[in-house]
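The sequence shown runs -21 to -1, 1 to 87 under mature numbering (1 follows the signal peptide of the UniProt record, and there is no 0).
Beta carbons: idealized from backbone N, C-alpha and C, even for Gly.
Report on one structure; see the data block that follows.
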Amino acid sequence: MKTLPTLILLALICFLHHSSAGPISPELVSAEPCCPGFNQRLIPKPKVKHVEKTSNSCKTQAIVVTTVCDETSCIDPNWRWAKNLLAAFEKATANSTFNTSTCEKQQK
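Below is the structure:
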């Protein structure tokens, strides 16, 4: 009589272990940023601190723009403005001459 509850408990443990051991999404493991989507938010160049493309392992390809206040935006990679910003950032970082502004966010 004790074997039936033991078998049920064992079956339950196996089921829970099997259902929680699914494949891991690359977005959760990757150190590279991934975007769920993107917008067309125009960010003034003096406010931009960093620009990079998302990893090829991301579902949605985007250009990630980080401002001097550490806010990130995912921008449409087909948008000409975003392509130009990425090219300017890559060229300037090669010469170490991109933006050196600081965050001027009002603190409350």
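For Ile22, which residues from the same chain have a beta carbon less than 6 Å from its beta carbon, with the 5 sequence-adjacent residues on both sides left out?
As a first step, residue 22 is located in the sequence shown; it is residue number 43 there, counting from the start. Closer than 6 Å at the Cβ level, and outside the excluded window around Ile22, lie Val44.
How many angstroms separate the CA atom of Lys28 from the CA atom of Ala67?
On the sequence shown, residue 28 is found 49 positions in, with the first residue counted as 1. On the sequence shown, residue 67 is found 88 positions in, with the first residue counted as 1. Rounded to the nearest whole angstrom, the C-alpha separation of Lys28 and Ala67 is 12 Å.
Using a Cβ-Cβ cut-off of 7 Å (strictly less than) and excluding sequence neighbours within five positions of Ala61, which residues of its own chain qualify?
Position 82 of the sequence shown, counted from the first residue, corresponds to residue 61. Cβ-Cβ distances below 7 Å link Ala61 to Ile42, Ile54, Asp55 in the same chain, with the five nearest sequence neighbours on each side left out; the list follows chain order.
I think Cys48 touches Cys82, with their Cβ atoms under 8 Å apart; what is that distance to the nearest whole Å?
Here residue 48 corresponds to residue number 69 of the sequence shown, with the count starting at 1. Here residue 82 corresponds to residue number 103 of the sequence shown, with the count starting at 1. Confirmed, about 4 Å.
Which residue comes first and which comes last in the beta strand (DSSP E) that contains Cys14?
In the sequence shown, counting from the first residue as 1, residue 14 sits at position 35. For Cys14, no beta strand (DSSP E) encloses it, and the DSSP letter there is neither H nor E.
Determine the direct distance from the alpha carbon of Ala73 to that of Ser52, and round the result to whole angstroms.
Along the sequence shown, one-based indexing puts residue 52 at 73. Along the sequence shown, one-based indexing puts residue 73 at 94. Rounded to whole angstroms, Ser52 to Ala73 spans 23 Å at the Cα level.
Report the CB separation of Lys32 from Leu65 in whole angstroms; it is logged as a contact under 8 Å.
On the sequence shown, residue 32 is found 53 positions in, with the first residue counted as 1. On the sequence shown, residue 65 is found 86 positions in, with the first residue counted as 1. Contact between Lys32 and Leu65 holds: their C-beta atoms lie close to 7 Å from each other, under 8 Å.
Which word fits Thr46, buried or exposed, when buried means at least 16 other C-beta atoms lie within 10 angstroms of its C-beta?
Along the sequence shown, one-based indexing puts residue 46 at 67. The C-beta of Thr46 has 16 or more other C-beta atoms within 10 Å across all chains shown, which makes the residue buried.
Do Ser80 and Pro12 have their C-beta atoms within less than 8 Å of each other?
For the purposes of this step, residue 80 is taken as residue 101 along the sequence shown, with counting starting at 1. For the purposes of this step, residue 12 is taken as residue 33 along the sequence shown, with counting starting at 1. Result no, Cβ atoms of Ser80 and Pro12 do not sit closer than 8 Å.
For Lys28, does the three-state DSSP call read helix, strand or coil?
Numbered from 1 along the sequence shown, position 49 holds the residue referred to as residue 28. Look at Lys28 here: in three-state DSSP terms it is strand.
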